[in-house]
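Heads up, the thing below is written out as C-alpha cells.
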Amino acid sequence: MSERRTQRSGRTPTIAADEQLVSLPVRARPAVSVVVPTYNEADNIEVVLDRLRSHLDSHQYRDGYEIVVVDDNSPDETWRLAQHVAEHDHRISVVRRASDRGLASAVLTGLSVASGSVMVVMDADLQHDPAVVPRLVAPVLEGGHQVCVASRTSGGGSFGRFTRSRRLISFTGNSVARLLLGTHCTDPMSGFFAISRGYYETVAPSVNPRGFKILLEFLARGKNPNVTEVGYRFGERLSGETKLNGSVVLNYLVALISLSIGRVLPATFVMYLAVGLIGLAVRAAVEQLGTALSTSAWASPIVLIAVEAGLVVNYLLHNRITFEPFRHRGVHMIRGLISFHVVSLHGLLVHAGVMALLSSAAPSADTELLATTFSPPFLLAGALATIGNYHINAGTTWQT
Ligand SMILES: Nc1nc2c(ncn2[C@@H]2O[C@H](COP(=O)(O)OP(=O)(O)O)[C@@H](O)[C@H]2O)c(=O)[nH]1
Ligand SMILES: [Mg+2]
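By my numbering, the letter at position 82 of the sequence shown is numbered 94, and the numbering carries on one by one without gaps.
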C-alpha cells in the first residue's frame, strides 16, 4: 500500500469534534496539478521544485496549483528533501511509496491523489523543462483539448543531446507504437504531458500500471482523444542516472502487446502462451542436444532433464514477465517453483485425460490420427490444459 501524503493540499475533510460534525471549508480544486515521479533524484528535486514553482507562480492560475511528488522510497532519501520543501509550501504534497515500485504506477498514484482540473506529468531530472508547463496546460485548460503532449518530434522540438542508441530506441518505440496503436501523436513515448481531469477519469480504470510510458496507455485506451502537441527540446539530466534499462524495454514491449493484442485476448494470457512456447523450444533443444551427445542408455534421463529445463525456464520467465507485478523474490521462488511444477503436472494429467476421452469416443480409423503429435485432438487437449494451468497458476502460484 502507498503511504499517503505527508501534507495535503486538496479538499479539507469533515471531522468529528465533541460529538458534533464540523465542516471545514472545502478548498477549490486547483487549476493545475503537476505530478513528479522520483527515484534517486536527491541532487535534482529541490532545483526542479523551485523552477516549477517559479514558472507556475508567474502564470497566476486563478484557482492556483499543486505539485505532487511521488517517490518510491529512494535510498538517497529524495522523499525527505521533498518533504522538507513541502513543509514550507502547502501546495506541495509528497507521497512516499513503501512497497510499490515503477514509474508508470508512481504516475498513476500521483494522478489519483492530484485534484487539479488539468494534470501534468513531468520528470524530476530537468530533462523536462519546467518552463514548458504553462504552454502544455493552456490547450487543455482553455482550448478544449483532452491531452497536450510535450513533443520532441514536432513544432520545433528536438531530442537535444540524446545518444544515438537512445534516439534509435525512441524512434523504434515511437514507430512501433504508432503502427500498432494507430495514434496520430508524433511522440507517444513522451513522459511529459498534460491531461484533462475528465479524460483521465474516463480512461484511468483501464490503464495498465506496468506500461513504462504511461502516455501511451492514456492515448491508446481512450476513444479518439482530442490531442495536441507542443514542441520542446529534451534537456540533459541535471544529475544522477537514467533508470532506463533492459527490463524497462521489456516492460514496454509487454505494454504494447497488452495495448494491441490485449484488446481481444487478455495480455497476461498472451504472454503466458508466448513464454510457454519458449519453454517448449528450450525443452526440444535440450533433448536434441542430449540425444546427439549421448548413448542410448541416457535416453530416458535426457527426456526428464529436457522437461525440467523447459519448466524452469518457463517459471523464471513467467515470474519475470507474465506475472511480474506479483513476482517471487529470494526464497519465495522455491515455493513458487514447486507450485509451478504441481500445476504443470496437473496440466499433463488433464492433457492425458482429454486424449483418453477423445480416443475412447473416436471411431477406430481415427485412432492413428489421435496418436500423432500436434494432431488437432492433441492440440485441443493442449489448449484445455494450458487454459486451466494459466488460471491455476494465476490464482495460486502467483496469487494475482
Ligand atoms: N517513483 C518512481 N519514479 C521513477 C521510477 N523510475 C524512474 N522514475 C522517475 O521518472 C523520471 C524519468 O526517469 P529517467 O530515469 O530519467 O528516465 P529517462 O528520462 O527515460 O532516462 C525521473 O524523474 C525518475 O526519477 C520509479 O520506479 N519510481
Ligand atoms: Mg530522464
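C-beta: ideal position from N, C-alpha, C; glycine also.
Bear in mind that the values here come from a model prediction, so they are computed numbers and not experimental data.
Taking 7 Å as the cut-off, the Cβ atoms of residue 162 and residue 148 count as close. By the Cβ rule, the region 62-78 counts as touching the region 97-108, because three or more pairs are nearer than 8 Å. Assignment of residue 213 by DSSP, reduced to helix, strand and coil, places it in the helix class. Residue 175 and residue 182 have their C-alpha atoms roughly 11 Å apart. DSSP, read as helix, strand or coil, puts residue 69 in helix. Residue state for residue 50 is assigned as strand, using DSSP reduced to three classes. The count of Cβ pairs closer than 8 Å, one atom from the region 70-86 and one from the region 114-125, reaches three, so the stretches are in contact. The alpha helix (DSSP H) runs of length 4 or more contained entirely in the region 309-379 are, from start to end of the chain, 311-329 and 344-373.
DSSP lists 132 and 160 as the bridge partner or partners of residue 206. DSSP places residue 242 within a strand segment (E or B) once states are collapsed to three. Residue pairing by DSSP places residue 284 opposite no residue, since no beta bridge is assigned to it. By alpha-carbon distance to residue 146, the top candidate from 112, 198 and 76 is 76.
With respect to the C-alpha of residue 59, the residue from 203, 140, 180 and 305 having the closest C-alpha is 140. The C-beta distance from residue 317 to residue 302 rounds to 7 Å, short enough to fall under 8 Å. Inter-segment contact for the region 195-207 and the region 83-98 is absent: fewer than three beta-carbon pairs are separated by less than 8 Å. A residue is listed when its beta-carbon falls short of 7 Å from at least one non-hydrogen atom of ligand 2; in chain order these are 135, 137, 139, 249 and 254. Annotation: the continuous alpha helix (DSSP H) that includes residue 147 extends over 145-153. With a cut-off of 6 Å, the C-beta of residue 110 is classified as distant from ligand 1, since no heavy atom of the ligand falls inside that distance. The three-state reading of DSSP puts residue 109 in strand, counting E and B together.
Counting other Cβ atoms within 10 Å of its Cβ, residue 235 stays below 16 and is therefore classed as exposed.
For the pair residue 396 and residue 354, the CB atoms are not nearer than the 7 Å cut-off. Looking at the DSSP output, residue 290 shares a beta bridge with no other residue.
Proximity of the beta carbon of residue 325 to ligand 1 is not indicated: no heavy atom of the ligand is located closer than 6 Å.
Boundaries of the alpha helix (DSSP H) around residue 99: 90-99. Classified as buried, residue 207 has 16 or more neighbouring CB atoms from the shown chains inside 10 Å of its CB. Among the bridge pairs identified by DSSP, residue 45 is matched with 78 and 131.
In the DSSP assignment, the residues bridged to residue 83 are 50 and 108. A distance criterion of 6 Å places the beta-carbon of residue 84 in contact range of ligand 1, judged by its closest non-hydrogen atom. Of the candidates 338, 295 and 339, 295 places its Cα closest to the Cα of residue 314. When DSSP states are grouped into helix, strand and coil, residue 182 belongs to the helix group.
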